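> Residue numbers (this note's numbering): 657 to 970.
Glycine is no exception: its CB is placed at the ideal position from the N, C-alpha and C atoms.
The structure displayed is predicted, hence computed values, not measured ones.
(1) Between the C-alpha atoms of residue 793 and residue 873, what's the straight-line distance to the nearest angstrom?
(2) Can the beta-carbon of residue 818 be found less than 7 Å from the beta-carbon of residue 835?
(3) Closest to residue 861 by CA distance: which of 763, 851, 755 and 877 is it?
(4) Just tell me which of 838, 941 and 939 has its CA closest to the CA of residue 904.
(5) Between the C-alpha atoms of residue 725 and residue 844, what's the straight-line distance to the nearest angstrom?
(6) Indicate the three-state DSSP secondary structure (helix, strand or coil) for residue 820 in the structure shown.
(7) Please state the DSSP three-state secondary structure of residue 916.
(8) Can you find at least 3 beta carbon pairs, one from the region 945 to 956 and one from the region 920 to 935, that sit closer than 8 Å?
(9) Roughly how many whole angstroms lie between the Cα atoms of residue 806 and residue 781?
(10) Of the residues 960, 708, 906 and 785, which one's Cα is nearest the Cα of residue 893?
(11) Is it right to say residue 738 is buried, meaning 16 or more other beta carbons lie within 10 angstroms of its own, or is it exposed?
(12) How far does the alpha helix (DSSP H) with residue 744 in it reach, from first residue to last?
(13) Which value, in whole angstroms, describes the spacing of the CA atoms of residue 735 and residue 746?
(14) Work out the CA separation of residue 953 and residue 887 for me, nearest whole Å.
(15) When the distance is taken between beta carbons, is residue 890 closer than 7 Å to residue 832?
(16) How would you call residue 957, buried or exposed, if buried means at least 16 neighbouring beta carbons within 10 angstroms?
(17) How many whole angstroms separate the CB atoms of residue 789 and residue 849, which I take to be in contact at a CB cut-off of 8 Å?
(18) Might you give, ordered along the chain, the residues of its own chain that have their beta carbon closer than 7 Å to the beta carbon of residue 733, omitting 5 neighbours on each side?
(19) With the cut-off set at 7 Å, would you say residue 882 and residue 902 are in Cβ contact?
(20) Taking buried to mean at least 16 other C-beta atoms within 10 Å of its own C-beta, is residue 851 buried or exposed?
(21) According to the Cβ coordinates, are residue 774 and residue 922 closer than 7 Å?
(22) Compute the Euclidean distance between the alpha carbons of residue 928 and residue 759, then round it to the nearest angstrom.
(23) Measuring alpha carbon to alpha carbon, tell me which of 942, 841, 925 and 941 ends up nearest residue 776.
(24) If you run the structure through DSSP and keep just helix, strand and coil, what is residue 858?
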C-alpha cells in the first residue's frame, strides 16, 4: 500500500508533465475557413478606365449618335446623287454645308438673334416658373385657383396668341421674348411644383418635430428634393423656348419685322433657295441640341454626387 501511495504522486507528476509537453509541442490547428457573404468590391475608377475606349459609357453616349448621324448623311447624299434630285427639291448635305459656309455672314447674324431671344425667354420662364411654384407650395388654395390657368396657357396655341402680343407690345424683341416665355413656362411650373411636394414623409415629420419654419423647410428639405424635377423641367423648357422663339419670328417676319433664322427660312422659301432653308433648319436643330446638352451637363454637375438619376450613368 505504501508503495502505491508513494508512487501515485510520481506517476501523476509524470503524466501532467507529459500532457504539458504534448500540449506545447503539438501545433494548433488553423480554424476552418468561413464562407463570406460580402459583396465583392466594385472596380475602381482606374480599373474602369482600363476598359477599351469604345466600351466606356461616356464614349458610347457620344460615339453612337455621331455614328448614326454619319450613316444618315451618307445615305442622304447617296440618294440625292443616285436619283439625281434637283437642289430646289432636296439639296444634298454637301450643298447644304457649302451654303452654310458661303451665307454665314447672313445666317450667323440671324443665329445670334434667335439664340438671344431663346435665352432671354428661357431665363424669364425659369425665374417666373420657380417663383410661381414656390407660391403654389406655400398655399394650396392659390395652387387650386391658379393652376388651371397655367394649363390653359399651355394648351393655347402660341401661333394664335403671337399676333396679338406683337400688336400690343411695340418692341419687336420684347414681344418675341414674351411669346417664347409663355411656351416655356409650364414645364417649369409643373415639374418644380411636383418636386417641391414630393418630399419624404419621414423627413417632413422630422422637420415638424423640430419646429422648423416654412422657410427652413423650403430651403433645407423641399428645394433639395425638387432639384431632379427642376432640372428635368429645364431640359424640356429650353427646347420649348427655342420653338416659341422661332414661331414668334415667323409671325413677326410675315409682318415685315424679323432678322432671326425663321425670317431667313421665310425669305429662302419665297426665293426657292432651298439649300439656304435647309442650312437655317440645321442651325436651329443644332441650337436645340446644344441647349439640351447644356441642361444635361448642368444637371449632372448638380446631381451627380448624390442622386441616382445622374450617378447610375457610368
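Quick look at the numbers:
(1) When the Cα atoms are used, residue 793 and residue 873 turn out to be separated by approximately 11 Å.
(2) Pairing residue 818 with residue 835 gives a Cβ-Cβ distance under 7 Å.
(3) The candidate whose alpha carbon is nearest that of residue 861 is 877.
(4) 838
(5) So the two alpha carbons sit approximately 31 Å from each other.
(6) helix
(7) Reduced to three states, the DSSP call for residue 916 is coil.
(8) Fewer than three Cβ pairs drawn from the region 945 to 956 and the region 920 to 935 lie within less than 8 Å of each other, which leaves the two stretches out of contact.
(9) 12 Å
(10) 785
(11) exposed
(12) No alpha helix (DSSP H) contains residue 744, which DSSP labels as neither H nor E.
(13) 10 Å
(14) If I take the Cα positions, the gap works out to 10 Å.
(15) It is not a contact, given that the beta carbons lie outside the stated cut-off.
(16) exposed
(17) Taking a contact as a CB-CB distance under 8 Å, the pair residue 789 and residue 849 counts as one, their CB atoms being some 4 Å apart.
(18) 748, 749 and 750
(19) No. Outside cutoff.
(20) buried
(21) no
(22) 15 Å
(23) 841
(24) Residue state, collapsed to three classes: helix.
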